[in-house]
């Protein structure tokens, strides 16, 4: 049986490092790259750009996600079994739900490694995933990336 590893990505350095780690540590696994469209980004854009709608946001964020996934797929070594998905929702909850719904055996994700007030105010997707996931989670810290 082939392992199924979920690798949430956003195009950041930590998410690229998580993908590299997953490829190195799980060379025979089926990888799924997941890009999560966060609907909360819509609010700030609507406030900054009058006339900007939720439909615009979803379309542009989905296109961004597809571009990120395509770019990352091109960096993968030959022979890596990979699938991609774009989902919308709260990032941490969407990652955990996707792992549950699609039978992931593990999750490898990057973390920006924020501390103190920044972590408190911004929250931590990685921390929430670690606490809620029913499968093992490996976190690649930005300082390690």
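Numbering (the UniProt record's numbering), first residue to last: 1 to 145. Each residue gets a CB set at the ideal place from its N, CA and C atoms; glycine is no exception. Quick caveat, the model's predicted, so the values are computed rather than measured.
Would you report the Cα separation of residue 89 and residue 35, rounded to the nearest angstrom? Residue 89 sits at position 89 when you count from the first residue of the chain shown. Residue 35 sits at position 35 when you count from the first residue of the chain shown. Straight-line spacing of the CA atoms in residue 89 and residue 35 works out to 10 Å.
Residues in its own chain within less than 8 Å of residue 140 by CB, not counting five upstream and five downstream? For the purposes of this step, residue 140 is taken as the residue at position 140 of the chain shown. If the five residues before and after residue 140 are omitted, its C-beta is found closer than 8 Å to the C-beta atoms of 14, 17, 18, 21, 108, 109, 110 and 111, all from its own chain and listed in chain order.
If you draw a straight line from the alpha carbon of residue 38 to that of residue 91, how long is it in whole angstroms? Here residue 38 corresponds to residue number 38 of the chain shown, with the count starting at 1. Here residue 91 corresponds to residue number 91 of the chain shown, with the count starting at 1. Each residue's alpha carbon lies about 6 Å from the other.
Cβ pair residue 30, residue 4 closer than 7 Å: Within the chain shown, the letter at position 30 stands for residue 30. Within the chain shown, the letter at position 4 stands for residue 4. Yes, the pair counts as a contact, with Cβ atoms nearer than the cut-off.
Whose CA, out of 81, 135 and 71, lies closest to the CA of residue 28? Mapped onto the chain shown, residue 28 falls at position 28. Residue 81 holds the alpha-carbon nearest to the alpha-carbon of residue 28 among 81, 135 and 71.
Three-state secondary structure (DSSP) of residue 88: Along the chain shown, one-based indexing puts residue 88 at 88. Correct three-state label for residue 88: strand.
Is residue 14 helix, strand or coil when you go by DSSP? Position 14 of the chain shown, counting from 1, holds the residue named residue 14. Of the three classes helix, strand and coil, the one that applies to residue 14 here is helix, per DSSP.
Checking 7 Å against the spacing of the C-beta atoms, do residue 126 and residue 99 come in under that value? For the purposes of this step, residue 126 is taken as the residue at position 126 of the chain shown. For the purposes of this step, residue 99 is taken as the residue at position 99 of the chain shown. Contact: no.
For a test of the three-state rule: what should DSSP assign to residue 111, helix, strand or coil? Sequence index remark: in the chain shown, residue 111 carries index 111 (1-based). The answer is strand: DSSP assigns residue 111 an E or B state.
Per DSSP, what kind of secondary structure is residue 31 in: helix, strand or coil? Start at 1 with the first residue of the chain shown, and residue 31 comes out as number 31. Look at residue 31 here: in three-state DSSP terms it is strand.
Spatially closest choice to residue 7 from 124, 84 and 113, by CA coordinates: Within the chain shown, residue 7 is the residue found at index 7, counting from 1. Checked all of 124, 84 and 113; the closest Cα to residue 7 is 84.
To the nearest angstrom, how far is the alpha carbon of residue 71 from that of residue 86? By one-based count along the chain shown, residue 71 stands at place 71. By one-based count along the chain shown, residue 86 stands at place 86. Taking the straight line from one Cα to the other gives about 14 Å.
Considering only their Cβ atoms, is the gap separating residue 106 from residue 135 smaller than 7 Å? Reading the chain shown from its first residue, position 135 is the one you call residue 135. Reading the chain shown from its first residue, position 106 is the one you call residue 106. In contact: residue 135 and residue 106 (Cβ atoms closer than 7 Å).
Secondary structure at residue 83, three-state DSSP: helix, strand or coil? Position 83 of the chain shown, counted from the first residue, corresponds to residue 83. Residue 83 falls in the strand class under three-state DSSP.
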